[in-house]
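Some notes on the structure that comes next.
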Amino acid sequence: MTSKRKVFITGASGLVGEEVLRRMLVDDPALEAFVLVRNEIRWLLASKRLGALARRVVPLQGDTTLPGLGLESQVRQRVERETSAVVHAAADTSFSRSLDQARFVNTLGTYHVAEIASECLCLDRFMLVSTAFVAGRATGNILERDNGGDAGWVNSYEQSKYEAERNVRASGLPWTIVRPSTIVCRGPSGDIPQINAVHRALRVYHRGLAAMMPGDRAYHFDVITSSYVADAIARLTFNQRALHQTVHLCSGRRALTLGELVDTAYDVWAENPEWRKRGVERAIITDAATYALFERAVMETGDVRLRAVLSSLAHFIPHLALPKVFDTSVAEALLDASPPEPGTYWMPMLRCLLANNWGQTQEAAA
Amino acid sequence: MPFAKLNGQSTPAIAAINYAFPEGLRTVGELADERLLKSSAETMESFGFGNVHVALTETPYDLAVIAAKKLLEESRIDPASVGLLIYGGTPGSMAFAPSEGAESAAAGLCTMSRFKYPSTRLQYDLDLPNASTFALDQLACTTLLAAVRIARSLCLTEGIERALCVSSEFFPANAGREAIFNCTSDAACAVLVERNGLRNRLVSATTVTKGYYWDVDSLRDEIVASYFPTARHVLHRTIADAGWEPSDVDWVIPHNVSMRSWEILSGLVRLPRARLFTQNIVRHGHTLAGDNFINYRDALDGGCIEPGQRVVLFSYGFGAHWTGIAVEA
C-alpha cells in the first residue's frame, strides 16, 4: 500500500521507536517521517542502521520535556501542516526514577507531544506507546481499557505512564494506546536489542547473588518480543478500527509461568560445566512476606553490594508476586493474529544473554 | 542419606549430651563498646542476640574436658566401653592456649608442638583406654554434626559400642565476635553416641558441601544468597531420607544464627507443625562448637520435646557445608 502520509515519531532511536519507524517505511514506500531527535549521536547510529530508508526521514532537533518540544516555529508549523499520524514512543523507562523525574519525561512529555498533535491539520491518529504495567499492583485479568489506579503501582514509571494515558484519553485526539509487555528480545532468534530489568534480574540470579524471589511457580509472567510490538504498532497506527482503543501487546494467556521461566533459565545456565560446578542452587519462589523479610534483613545489615543488588530488583520484582493475565482480545481482533508463544524465544534469549555476557560483549565490540 | 539398619540392629542413638561455657559473659552492647562487633548492638539485638560467653582464662581444651567429664559423670558409663573419641574444633596447639595467647600459640603449628593433639590428651585425661581417636577439621559449625554422623557409622560398621564426640571452639581475644551478622560464644559440647539406643535415635543425615564457597571473605554475598535455598534443600532431603513428611516434623533444633534468618528459612521450608527452639539465641548466641546439641539438650531438659517426637537438627558451616540430622526423640 502506498500513500502520501507523513508520520511524526518520538523515541525513534529507542528500542520500540526505531523498529516501528523501519516497519512503517518498509510497509509503505511512499511514507515519510519526521523524527524528534534529542540525542544526535543516537539518531546517527539509528539512521545508519536504517540505511536507505533514512532518506525518507526528516530529523528534527527537539525534546519532549520542552514546551512545543523545543521546535523552532517554522519547523513546528511544518509538522502541524504535514503530519497525519503521531507515534509517541519516547519515554524514560528506568524504574528507579523518582515520581517527579518520571512524570517530567513520561507525563509532561506526552502532554507536550499531544499539544503539537492537537494543532495538526490532518491528524488521523495519535498513537501513545504506553506499558502493560500501568496495571501496577492490580492482579487477575487485566482488560484493555482504563482500569483505574486504585491498586497502586510498583514503580514511578508505571504511574507516570498511567497518568499519560489518562491525559491522552481526555485530550480529544484520535488516540490509540498500545501497551507492550516487557520486551525481552527481538524475536525467535533471541537477539536482545536492549538490556532491561528482566535481564538484569536474570544476571543477579545467574551470578548467585540472589536466591529467592516472591511469587508462585504457577503465576504467569508476561514478556514479549520487540518485533511483535513494532509490527503491531506499525499496523495499528493507520487502522481505523483501532481508533480510541487500548491494545495490549502482550503474551496474555500464552505467558509462561514463573516456574517455567525460572526452570528454563537454570537449565540453560547448567549447560555450562563451569557454572554447574559452582553448585548454585535454583532460586526459591516464595511468598511475598518471606521475601520481604529477606530483603529487610539484607537492607539492615549494611552489606553494600548485596543491598545494591536487592535495591535494583526492588523496582521490578514485586510484580512476580502480583499475578495477572493481560487480556489480548482487542489486540488479536485488530491484528487478526496471536502474539508469539514465549516458549519460542525465551530460551534463545537466555542463550544470547550468556553469549554476549549481558550486553558487555556487545559494548566492548562497539 | 537414610541410615540403613544392618542385620536388624537397633538404630544408633544419642545417649547423652553435655556442654560447657566459659565464665565470662558479655552483652552485645558490651561487645559493641569493645569494638568486637561489625554491626551495631541494636542490629544484633534486633536479630535476637543478647549475651555471649567469652573465654578469658579458660582454654578450648579446658572447656572440652569440662563438657566431656560432665557427660561421663552424668551418664555413668564404663569409660572402657567408649571405643571411639572424635574431637573437633580449635586445632592443635591452639587448643591449649587461652584467648590472649592464641595468636602466639598458632605459631606452634610450625614446630613439634603441632603434634600435641587435644584428641589424644583428652583420651588420656578422660581415661578412655579403649578409645581410638581422631579429629575433625574444616567443617566449622557443622563439626559436631559430622562427628555424630561418623560415630554412628563406625558404631555400626566396626561394632563400636560407644563413641564420644567432643567439640570446642573459641575466638582469640581480639578476633571479634561477629560472623556475618551472628554473635558468637565460646563453648564446648560433648555428645555420646551408642550403637543400641532406644531414645534419640539417629534416623537420617544429609550433608551438602559446596567447595565453590571456600573463600568466605570474597564470596560473602554469594554465601548469604546461597545459604537459604541450599538449607531448604538439605532440610527437605533430611526429612525425606528419614521417611517422614514435612508435616511429621515436631521440632527444628537450629544453630543459633540470627532469628531473622530462621524466620526467613522457616518461611521457605514450610514445616506446618514444626516448632523452632530459639530460646538459646538470646541466652548464648551462636556457638561454633555445637549449637544444635546444646539446644537439643536444653529442649529435652525443659520438657519441650517428648519421647517419639520427630526432630531435625540443622547447621551451616563456612567452607561451605550444610548439614541436617533427623532424630526420633
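Here the protein sequences line up with chains Z and D, keeping their order.
Position 340 (the first sequence) corresponds to 993 in the numbering used here; numbering is contiguous.
Position 76 (the second sequence) corresponds to 160 in the numbering used here; numbering is contiguous.
Backbone N, C-alpha and C define an ideal beta-carbon position, used for all residues, glycine too.
From the options, residue whose alpha carbon lies closest to that of residue i
i: L730(Z); options: A770(Z), D980(Z), L697(Z); result: Note that residue 730(Z) is Gln in the sequence shown, not Leu. The option with the nearest alpha carbon to Q730(Z) is A770(Z).
i: K154(D); options: F180(D), A116(D), L210(D), A181(D); result: L210(D)
i: E816(Z); options: Q847(Z), L781(Z), K977(Z); result: L781(Z)
i: T835(Z); options: V876(Z), W928(Z), N820(Z); result: V876(Z)
i: R702(Z); options: L722(Z), L674(Z), G715(Z), G721(Z); result: L674(Z)
i: H765(Z); options: A785(Z), S749(Z), A744(Z), F748(Z); result: A744(Z)
i: M128(D); options: S177(D), N284(D), T268(D); result: T268(D)
i: V149(D); options: G260(D), S203(D), S288(D), F361(D); result: S203(D)
i: W328(D); options: M343(D), W346(D), P356(D); result: P356(D)
i: T141(D); options: L168(D), I161(D), G108(D); result: G108(D)
i: G805(Z); options: P971(Z), A742(Z), A984(Z); result: P971(Z)
i: G243(D); options: C249(D), D299(D), N280(D); result: N280(D)
i: R658(Z); options: A1008(Z), A699(Z), R709(Z); result: R709(Z)
i: V292(D); options: R285(D), S310(D), D299(D); result: S310(D)
i: G176(D); options: G295(D), E187(D), F199(D); result: F199(D)
i: A885(Z); options: G704(Z), E985(Z), G912(Z); result: E985(Z)
i: G392(D); options: A410(D), N379(D), E158(D), D382(D); result: A410(D)
Amino acids of chain Z, ordered along the chain, whose beta-carbon sits closer than 9 Å to that of residue i
i: V341(D); result: Those do not exist, as V341(D) stays about 11 Å from chain Z at its closest Cβ, beyond 9 Å.
i: G351(D); result: T939, D940, A942, T943, Y944, L946, F947
Contact list for residue i against chain D, beta-carbon separation under 8 Å
i: F947(Z); result: F312, I348
i: A936(Z); result: P313
i: L862(Z); result: D305, E306, A309
For residue j and residue i, believed in contact at Cβ under 8 Å, the rounded distance
i: C273(D); j: S237(D); result: Contact flag wrong, Cβ pair sits at about 20 Å.
i: G369(D); j: V136(D); result: 4 Å
i: L862(Z); j: L959(Z); result: 7 Å
i: A883(Z); j: N820(Z); result: Contact flag wrong, Cβ pair sits at about 24 Å.
i: I234(D); j: I170(D); result: 6 Å
i: E262(D); j: K122(D); result: 5 Å
i: G762(Z); j: T717(Z); result: 3 Å
i: L909(Z); j: Y872(Z); result: About 10 Å separates the two Cβ atoms, so there is no contact after all.
i: R394(D); j: D332(D); result: 5 Å
Residue i and residue j closer than 9 Å at C-beta
i: S399(D); j: L229(D); result: yes
i: G401(D); j: C225(D); result: yes
i: T899(Z); j: V831(Z); result: yes
i: L1006(Z); j: L855(Z); result: yes
i: S1039(Z); j: N759(Z); result: This structure cannot settle anything about residue 1039(Z), because the visible part of chain Z is limited to 654 through 1019.
i: E953(Z); j: L963(Z); result: no
i: V857(Z); j: I845(Z); result: no
i: S879(Z); j: L706(Z); result: no
i: A918(Z); j: L973(Z); result: no
i: E797(Z); j: S965(Z); result: no
i: D956(Z); j: R935(Z); result: no
i: D869(Z); j: D920(Z); result: no
i: I337(D); j: A404(D); result: no
i: V287(D); j: E412(D); result: yes
i: S749(Z); j: H968(Z); result: yes
i: L206(D); j: Y145(D); result: yes
i: L120(D); j: G172(D); result: no
i: H852(Z); j: W696(Z); result: no
Chain Z contact residues for residue i, given Cβ-Cβ distances below 8 Å
i: V308(D); result: V951, D956, L959
i: H317(D); result: E934
i: S345(D); result: A950
Residue i: contacting residues in chain D (beta-carbon distance under 9 Å)
i: M866(Z); result: Chain D residues near M866(Z): none, gap ~11 Å exceeds 9 Å.
Closer than 7 Å at the beta carbon, the chain Z residues around residue i
i: K294(D); result: G932
i: F265(D); result: T954
Residue-chain proximity (residue i, chain A), Cβ-Cβ < 9 Å
i: S251(D); result: Of the chains in the structure shown, none is chain A; the protein chains are Z and D.
Q) Do three or more CB pairs link the segment 97 to 110 of chain D to the segment 259 to 278 of chain D at distances below 8 Å? A) yes
(Q) For the segment 686 to 698 of chain Z against the segment 664 to 673 of chain Z, do three or more pairs of beta-carbon atoms, one drawn from each stretch, fall closer than 8 Å, so that the two count as touching? (A) yes
Q) Any chance the segment 735 to 748 of chain Z sits against the segment 772 to 785 of chain Z, with 3 or more Cβ pairs inside 8 Å? A) yes
Q: Spell out a yes or no on whether the segment 371 to 387 of chain D and the segment 312 to 327 of chain D are touching, meaning 3 or more CB-CB pairs, one atom from each, closer than 8 Å.
A: no
**Q.** Touching by the beta-carbon criterion (3+ pairs, under 8 Å), the segment 978 to 998 of chain Z and the segment 899 to 918 of chain Z
**A.** yes
Q) Do the segment 198 to 218 of chain D and the segment 114 to 123 of chain D meet, that is, are 3 or more Cβ pairs less than 8 Å apart? A) no
Q.
Under 8 Å, with one C-beta from each stretch per pair, do the segment 127 to 134 of chain D and the segment 295 to 303 of chain D reach the 3-pair mark?
A. no
Q) Touching or not, the segment 255 to 270 of chain D and the segment 177 to 195 of chain D, by the rule of three or more beta carbon pairs under 8 Å? A) yes
Q: Tell me, please, whether the segment 784 to 792 of chain Z touches the segment 802 to 811 of chain Z by the rule of three or more beta-carbon pairs shorter than 8 Å.
A: yes
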